Amino acid sequence: MKKFVAELIGTFMLVFVGTGAVVFGNGLDGLGHLGIAFA
């Protein structure tokens, strides 16, 4: 059960941090695809 919860939290954070980087990067001119990839 612990592994399931850890996987759920990790996937949740990865998805929302990734989409947050895209949304945040949309407003900045210099970030680009590479900056989003490193975020």
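Residue numbers (the numbering used here): 44 to 82. All residues carry an ideal CB built from backbone N, CA and C; glycine is no exception. If you're wondering where the values come from, they're calculated on a predicted model, not measured in any experiment.
At which residues does the alpha helix (DSSP H) containing residue 56 begin and terminate? 45–69
State the Cα-Cα distance for the pair residue 58 and residue 52, rounded to the nearest angstrom. 10 Å
Whole angstroms are fine: how far does the CA of residue 60 sit from the CA of residue 81? 11 Å
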